[in-house]
Amino acid sequence: MNSNPADQGRGKSGEGQVQGPRQAPRTFDDLVAEAEAAPTEGWDFSWFEGRATEERPSWRYAEAMARRLARASASLDIQTGGGEVLASAATLPPLAVATEGWPANVAKATALLHPRGVVVVAAPEDAPLPFADGAFDLVTSRHPVKPRFDEITRVLRPGGTYFAQHVGPASVFEVVEYFLGPQAEDVRNARHPDQERAEAEAAGLEVVELRAERLRMEFRDIGAVVHFLRKVVWMVPGFTVEAYRPRLRELHDRIRAEGPFVAHSTRHLFELRKPE
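The sequence shown begins at 1 in full-length UniProt numbering and counts up by one.
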């Protein structure tokens, strides 16, 4: 999502300026229809420009990943989405591979990454990685659904690194619980960094760095909420506008009356190492 305020850069009205007619607020139906028509493949969030914001983690994952890619000889990007984050790196290793499980994203990632020499492999998220033991000295991932630390350990060379940004516990649960109601504690605590640290260490990886942050999000119109739930499908499983129209209408009215709907994402940064 856009990390800048929607009105950044706008001039202020001054004396002597001609004021145009004020546009009527867009209707609930117009906003929802636009969001339903927007494409959802890939991890390009530019559609949210001016409609939603999300604070970014302080560690600047894409830049830090790019520095590591520039030093690697063989890399694997797991669950690459549409390949946008990997493609942002200026320099890629001589051997660069990416996996993705969603067919629409596989096609998008292939079109974006093949010209850069990256091999894109269609692989289900929960399946073993289709690569030989010790094939890579760097494995990366931005927001994997469920990291398979045993498989990451297997495909890393001794001394190799896993560098990733994970989604943390109860991320954007203000949105989730608005539609689904209060969630059980085990659901809220899923993806906790301490739990993932233990899983990584059990798989034989050493923790070099682990950092976590809670970040502010704002949804400024109901279209942004609809597009978010269509794109990030695991937030409210089975979400459709028709199934949740009354709640969407209520939230639309609330945003109009009170301002942006505020939520918080959680992220943690992992740097793990396979011992020599």
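We put the beta carbon where it would ideally sit given N, CA and C, even for glycine.
Host alpha helix (DSSP H) of residue i (start-end)
i	result
residue 178	173-180
residue 134	Per DSSP, residue 134 belongs to no alpha helix (DSSP H) and is neither H nor E.
residue 246	245-258
residue 266	Counting along the chain, residue 266 falls outside any alpha helix (DSSP H), though it belongs to the beta strand (DSSP E) covering 261-273.
residue 32	28-37
residue 195	193-202
residue 231	222-231
residue 185	185-188
Outcome for residue i when other beta-carbon atoms lying within 10 angstroms are tallied against a minimum of 16
i	result
residue 160	buried
residue 117	exposed
residue 27	exposed
residue 196	buried
residue 103	exposed
residue 147	buried
residue 47	buried
residue 14	Low per-residue confidence applies at residue 14: pLDDT is 36, beneath 50, and the placement is therefore not dependable enough to give any value.
residue 81	buried
residue 21	Note that residue 21 scores 46 on pLDDT, short of 50, meaning its location in the model is unreliable and no value can be drawn from it.
residue 120	buried
residue 259	exposed
residue 99	buried
residue 137	buried
residue 272	buried
residue 193	buried
residue 54	buried
residue 253	exposed
residue 175	buried
residue 266	buried
residue 243	exposed
residue 63	exposed
residue 198	exposed
residue 269	buried
residue 91	exposed
Closest residue to residue i among the options (Cα-Cα distance)
i	options	result
residue 93	86, 70, 81	70
residue 115	146, 104, 86, 142	86
residue 31	255, 175, 132	255
residue 239	260, 193, 128, 179	179
residue 33	275, 273, 241, 233	241
residue 130	145, 112, 144, 151	151
residue 210	221, 166, 188, 248	166
residue 169	162, 183, 88, 25	183
residue 59	74, 153, 213	213
residue 50	268, 224, 192	224
residue 155	135, 113, 149, 44	135
residue 133	198, 64, 74, 45	74
residue 203	91, 76, 275	275
residue 68	141, 40, 219	141
residue 126	149, 105, 200, 110	149
residue 172	164, 97, 263, 107	263
residue 153	108, 229, 205, 143	205
residue 84	109, 78, 96	109
Range covered by the beta strand (DSSP E) that runs through residue i
i	result
residue 207	206-219
residue 158	156-167
Cβ-Cβ separation, residue j to residue i (assumed contact under 8 angstroms), whole Å
i	j	result
residue 217	residue 38	At roughly 18 angstroms, the Cβ-Cβ gap does not stay under 8 angstroms, so residue 217 and residue 38 are not in contact.
Run through the region 40-118 for me and flag every whole beta strand (DSSP E) of 3 or more residues, listed as ranges in chain order.
52-54, 74-77, 95-100
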